[in-house]
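J.:
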Amino acid sequence: MDEKQAKQIAEQTLAAIGGTENIQSAFHCVTRLRFILKDDSKVDLEKIKHIPGTLGFQKSGDQYQVIIGPAVGTVFEQLHIDEENQRATVTSEETSSSKKKITPRSVGSSILDALVGSITPALPAIICAGMIKMFLMLLGPSLFGLLSDKSGTYQVLNFVGDAGFYFLPVILGYTSAKKFKANPILGILMGSVLISPAFVESVTNGTALSVYGLPITPVNYASTVIPIILIVWVMSYVERFFDKYVPSSFKMIFMPVLTVLVMIPLAFVALGPLGSILGNYISAFLLWTHQVFGPFGIGLIAAVFALLIVTGMHHAINMAVLVTLTANGYDEVVFVAVAPVVISIAAAALAFALKAKQPTNRSLGLSSFVLQTIGGVAEPTLYGVMIPYVKPFVAQAIGAFCGALYMGFMHVKAYALTGSNIFILAGFIHEDSANLTNAIIGCGIAFVVTFVLVWVLGFKEKEQEIFE
44 MDEKQAKQIA EQTLAAIGGT ENIQSAFHCV TRLRFILKDD SKVDLEKIKH IPGTLGFQKS
104 GDQYQVIIGP AVGTVFEQLH IDEENQRATV TSEETSSSKK KITPRSVGSS ILDALVGSIT
164 PALPAIICAG MIKMFLMLLG PSLFGLLSDK SGTYQVLNFV GDAGFYFLPV ILGYTSAKKF
224 KANPILGILM GSVLISPAFV ESVTNGTALS VYGLPITPVN YASTVIPIIL IVWVMSYVER
284 FFDKYVPSSF KMIFMPVLTV LVMIPLAFVA LGPLGSILGN YISAFLLWTH QVFGPFGIGL
344 IAAVFALLIV TGMHHAINMA VLVTLTANGY DEVVFVAVAP VVISIAAAAL AFALKAKQPT
404 NRSLGLSSFV LQTIGGVAEP TLYGVMIPYV KPFVAQAIGA FCGALYMGFM HVKAYALTGS
464 NIFILAGFIH EDSANLTNAI IGCGIAFVVT FVLVWVLGFK EKEQEIFE
C-alpha cells in the first residue's frame with residue numbers, strides 16, 4: 044500500500060469515527076486499527092464499514108476495529124494522532140469513563156483492551172526471541188549439531204533469546220505505560236526494579252525484605268507478564284494525581300520521584316504478588332481444562348478459534364499462552380490448538396482459490412492463502428472467503444478440531460510463541476523430535492480435512508465487492 048492510499052484510508056477512518064477529538068485511545072495490532080472512542084454517537088457505522096481499501100470492520104465491546112491487513116502500520120502513521128493531546132484529554136475530569144455507564148461488559152472490554160494494548164506492541168520482541176531459541180535448538184547439539192553450545196555465536200544468540208523473555212517486565216513496562224498514557228521511562232524503571240539483580244538475589248537466597256515497614260513477598264518477576272501491567276496501570280493514576288497538584292516549576296524533579304516512592308510499596312507489597320497469583324491462576328486454569336477435557340478440550344478451542352479472531356478476542360488467548368510459557372516453559376493447550384487453526388485457514392483459502400471459477404475469486408483465494416501462509420494474516424480469508432460463504436467456515440472448524448485432537452492425544456507441547464504463519468511449527472521444535480513430527484502431522488491433518496471438506500461441500504460463487 045502506497046502512502047497516498049494509506050492517507051486516504053486514514054482520513055476516511057477519522058471522518059467516520061468523529062475525528063481525532065473523539066479518540067480516547069488508539070493503537071494497532073498486526074492487521075487492525077483499534078480505537079476506544081469518547082462518544083459512540085459520533086460514529087458513522089455505514090461509512091466505517093465501507094471504507095475503500097479496508098478489509099472489514101469489527102466492534103468488540105467498546106473497541107472499534109478497522110481491518111487493514113499487513114499495511115496497518117502505514118495507515119496508523121497517517122492518522123497523525125497527537126499522544127500529548129490524548130494524555131491531556133485522559134487526565135481531564137471529563138473522560139469518557141465518567142460519561143459511560145459501568146457494566147460487567149464494559150469492565151471486561153476495558154480489561155481486554157488494556158491487555159491487548161500492552162502486550163501486542165511487545166510481540167515482535169517476544170516472537171524474535173522465540174524464533175532465535177528455536178533456531179538454536181534446531182542447529183545446536185541436541186538436534187543437527189551444526190553449532191556447538193560452546194561456540195561464541197551460540198552463546199551470544201542464546202543471550203538474545205533469553206533476554207526477550209527474562210526482560211519482559213521491562214519491555215511491558217514501556218508498552219503498558221504507552222497504553223495507559225503514563226511516562227514510558229518510569230514504566231521501564233518499574234519493570235527494571237522488579238528484576239534488579241539485588242532483588243532477584245534476595246528472593247533466591249530467601250532474604251526477608253521490607254519497605255516502609257511493610258513486608259515484601261518474595262517473588263521472582265523475571266519473564267512475568269501481569270504484575271508489571273497492573274503496576275503501570277496504577278502508576279498512571281498516581282502520576283496524574285501528582286501532575287494535578289505539583290506546581291509546574293517542580294514537576295520535572297518531584298513528579299517522577301513522588302510517583303516512584305508511592306509505587307515501590309504498592310508494587311512489591313500488593314500489586315506484584317497479586318499479578319503473580321493471577322498469572323499462576325491463568326496457567327492453572329489452562330492445565331485444568333486439559334486435565335478435565337483432555338484432547339477434546341484442545342480440539343474445541345481450535346474449532347472456535349476463528350470466531351475469536353473475528354471478535355478480536357484472540358489476543359487475550361495470546362496473553363494466556365505467554366503466561367503459561369513463561370511459568371512452565373511450555374504450553375500444551377492453547378498454542379497446540381492455534382497451530383492447526385493457522386494451517387486450516389490457509390487450506391480453506393487455497394481450496395477456495397482452486398475450486399472457484401471466477402477470476403476475481405481465484406485471485407482473492409490465492410492472495411488470502413499467501414497472506415495467511417507467509418504473512419500470518421487471517422482476516423482476508425475470514426472476511427473474504429469463510430464468512431461470506433459459511434461452508435468454508437464450517438470446514439475450517441472441523442479441520443482444525445481434527446488436527447488439534449490428534450496433537451492433544453500425542454501430548455504435543457509448544458515451547459515458544461513463534462507467529463501465526465507457517466513458521467508457527469518452529470515453536471514445537473524440541474530435543475524430542477517426535478514433538479515436532481506430531482505437530483506437523485496434526486497440522487497436516489487440519490490442512491487435508493479442511494481442503495477436502497471445502498472441495499466436497501462447495502460454495503455458491505458471488506463477486507467480492509469488499510475487496511474491489
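In this text, residue positions in the sequence shown follow this note's numbering: the first is 44, and each later residue adds one. C-beta: ideal position from N, C-alpha, C; glycine also.
Please tell me whether Gln-48 and Ile-94 are closer than 8 Å, where the distance is taken between their beta carbons.
T.: Translated into the one-based positions of the sequence shown, residue 48 becomes position 5. Translated into the one-based positions of the sequence shown, residue 94 becomes position 51. In this structure, Ile-94 does not lie closer than 8 Å to Gln-48 by Cβ.
J.: Which term fits Glu-46, buried or exposed, when burial requires 16 or more other beta carbons within 10 angstroms of its beta carbon?
T.: Indexing the sequence shown from 1 puts residue 46 at position 3. Burial call: exposed.
J.: Touch check for the region 375–388 and the region 419–437: three-plus C-beta pairs under 8 Å?
T.: With a cut-off of 8 Å, the region 419–437 and the region 375–388 count as touching, because enough Cβ pairs lie within range.
J.: Which same chain residues, not among the five before or five after Asp-374, have their C-beta less than 6 Å away from its C-beta?
T.: As a working note, residue 374 is residue 331 in the sequence shown. Within the same chain, Asp-374 has close Cβ partners Val-364, Thr-367, Leu-368, Ala-457.
J.: Quick one: residues in its chain with C-beta nearer than 8 Å to the C-beta of Val-115, no 5 flanking neighbours on either side, listed in chain order?
T.: Walking along the sequence shown from the start, residue 115 turns up at place 72. Once the five neighbours on either side are set aside, the close Cβ partners of Val-115 are His-71, Cys-72, Val-73, Thr-74, Arg-75, Leu-76.
J.: Within 10 Å of its beta-carbon, does Glu-508 have 16 or more other beta-carbons around it, so buried, or fewer, so exposed?
T.: Sequence index remark: in the sequence shown, residue 508 carries index 465 (1-based). Low confidence applies here, because Glu-508 scores a pLDDT of 37, under 50, leaving its location unreliable; read the following figure in that light. It is exposed - the Cβ of Glu-508 has fewer than 16 other Cβ atoms within 10 Å.
J.: How about Lys-352 and Val-376: are their beta carbons less than 8 Å apart?
T.: Position 309 of the sequence shown, counted from the start, is the residue given in the question as residue 352. Position 333 of the sequence shown, counted from the start, is the residue given in the question as residue 376. Checking the sequence shown, residue 352 turns out to be Ile, not Lys. No. Outside cutoff.
J.: Apart from the five residues just before and just after Asp-87, which ones in its own chain have a Cβ nearer than 6 Å to its Cβ?
T.: Numbered from its first residue, the sequence shown carries residue 87 at position 44. Excluding sequence neighbours, Asp-87 sits near Ala-59.
J.: Determine the direct distance from the alpha carbon of Ala-489 to that of Phe-436, and round the result to whole angstroms.
T.: Within the sequence shown, the letter at position 393 stands for residue 436. Within the sequence shown, the letter at position 446 stands for residue 489. Rounded to whole angstroms, Phe-436 to Ala-489 spans 13 Å at the Cα level.
J.: If we require 3 or more residues per run, which beta strand (DSSP E) segments fall completely within the region 238–281?
T.: Runs found: none.
J.: With DSSP as the reference, label Lys-102 as helix, strand or coil.
T.: What you label residue 102 is simply residue 59 of the sequence shown in a count that begins at 1. Strand, per DSSP.
J.: Would you report the Cα separation of Val-289 and Leu-215, rounded to the nearest angstrom?
T.: As a working note, residue 289 is residue 246 in the sequence shown. As a working note, residue 215 is residue 172 in the sequence shown. Their Cα atoms are separated by approximately 27 Å.
J.: What alpha helix (DSSP H) runs, 4 residues minimum, are completely inside the region 416–466?
T.: Runs of the alpha helix (DSSP H) inside the region 416–466: 434–452.
J.: Put Asp-156 into one of helix, strand or coil per three-state DSSP.
T.: Locating residue 156 in the sequence shown gives position 113, counting from the first residue. Looking at Asp-156 - three-state DSSP - the assignment turns out to be helix.
J.: Do Ile-66 and Thr-97 have their beta-carbon atoms positioned less than 8 Å apart in this structure?
T.: Sequence index remark: in the sequence shown, residue 97 carries index 54 (1-based). Sequence index remark: in the sequence shown, residue 66 carries index 23 (1-based). It is not a contact, given that the beta carbons lie outside the stated cut-off.
J.: Assign Thr-250 to one of two classes, buried (16 or more other C-beta atoms within 10 Å of its C-beta) or exposed (fewer than that).
T.: The residue given as residue 250 occupies position 207 in the sequence shown. Answer is exposed; the Cβ neighbour count stays below 16.
J.: What residue range does the alpha helix (DSSP H) around Gln-51 cover?
T.: Here residue 51 refers to the residue found at position 8 when the sequence shown is read from its first residue. From DSSP, the alpha helix (DSSP H) with Gln-51 extends over 46–60.
J.: Give a yes or no on whether the C-beta atoms belonging to Gly-99 and Ile-110 are separated by under 8 Å.
T.: On the sequence shown, residue 99 is found 56 positions in, with the first residue counted as 1. On the sequence shown, residue 110 is found 67 positions in, with the first residue counted as 1. Yes.
J.: Assign Gly-446 to one of two classes, buried (16 or more other C-beta atoms within 10 Å of its C-beta) or exposed (fewer than that).
T.: The residue you call residue 446 lines up with position 403 of the sequence shown. By the neighbour-count rule (16 or more Cβ atoms within 10 Å), Gly-446 is buried.
J.: Return helix, strand or coil for His-71, following the three-state DSSP convention.
T.: The residue labelled residue 71 in the question sits at position 28 within the sequence shown. Three-state DSSP puts His-71 in a strand.
J.: Pull up the distance between the alpha-carbon of Val-118 and that of Pro-402, whole angstroms please.
T.: As a working mapping, residue 118 is identified with position 75 in the sequence shown. As a working mapping, residue 402 is identified with position 359 in the sequence shown. If I take the Cα positions, the gap works out to 28 Å.
J.: Let's test the definition: count the other Cβ atoms within 10 Å of the Cβ of Leu-304 and tell me whether it reaches 16, buried, or not, exposed.
T.: Counting from one through the sequence shown, the residue named residue 304 turns up at place 261. Exposed: under 16 other Cβ atoms inside 10 Å.
J.: What number of angstroms, rounded off, separates the C-alpha of Gly-230 from the C-alpha of Asn-481?
T.: Looking up residue 230 in the sequence shown gives position 187. Looking up residue 481 in the sequence shown gives position 438. The straight-line gap from Cα to Cα measures roughly 41 Å.
J.: Exposed or buried, which one is Met-177 when buried takes at least 16 other CB atoms within 10 Å?
T.: Mapped onto the sequence shown, residue 177 falls at position 134. The residue in question, Met-177, is buried, as its Cβ has 16 or more Cβ neighbours within 10 Å.
J.: Could you tell me how far apart the beta carbons of Leu-496 and Ala-438 are, in whole angstroms, since I believe they sit closer than 8 Å?
T.: Mapped onto the sequence shown, residue 496 falls at position 453. Mapped onto the sequence shown, residue 438 falls at position 395. Indeed, because the Cβ distance is near 4 Å, the residues count as touching under 8 Å.
J.: Within 10 angstroms of the Cβ of Ser-161, are there 16 or more other Cβ atoms? Answer buried if so, exposed if not.
T.: Locating residue 161 in the sequence shown gives position 118, where the first residue counts as 1. With 16 or more Cβ atoms within 10 Å of its Cβ, Ser-161 is classed as buried.
J.: What separation, rounded to the nearest whole angstrom, lies between the Cα atoms of Thr-332 and Leu-158?
T.: Numbered from its first residue, the sequence shown carries residue 332 at position 289. Numbered from its first residue, the sequence shown carries residue 158 at position 115. Those two C-alpha atoms are separated by around 22 Å.
J.: Note the first and the last residue of the continuous alpha helix (DSSP H) segment covering Thr-480.
T.: Within the sequence shown, residue 480 is the residue found at index 437, counting from 1. Per DSSP, Thr-480 belongs to the alpha helix (DSSP H) from 476–500.
J.: CA-CA distance, Val-499 and Gly-372?
T.: By 1-based counting over the sequence shown, the position of residue 499 is 456. By 1-based counting over the sequence shown, the position of residue 372 is 329. Those two C-alpha atoms are separated by around 41 Å.
J.: Using DSSP's beta-bridge definition, name the partner residues of Gln-108.
T.: Along the sequence shown, read from residue 1 onward, the residue named residue 108 stands at position 65. Bridge partners of Gln-108: Arg-77, Gln-101.
J.: Could you work out which residue in Ile-79, Gly-112, Glu-64 is closest to Ser-411 when comparing CA atoms only?
T.: Taking the sequence shown and counting its residues from 1, one reaches residue 411 at position 368. Nearest option by C-alpha distance: Gly-112.
J.: In the DSSP output, which residue or residues are listed as bridge partners for Asp-87?
T.: Numbered from 1 along the sequence shown, position 44 holds the residue referred to as residue 87. Partner(s): none; Asp-87 has no beta bridge.
J.: Report back the beta-carbon spacing between Met-429 and Ala-349 to the nearest angstrom; my notes put them in contact at under 8 Å.
T.: Taking the first residue of the sequence shown as 1, we reach residue 429 at position 386. Taking the first residue of the sequence shown as 1, we reach residue 349 at position 306. At roughly 7 Å, the Cβ-Cβ gap stays under 8 Å, so Met-429 and Ala-349 are in contact.
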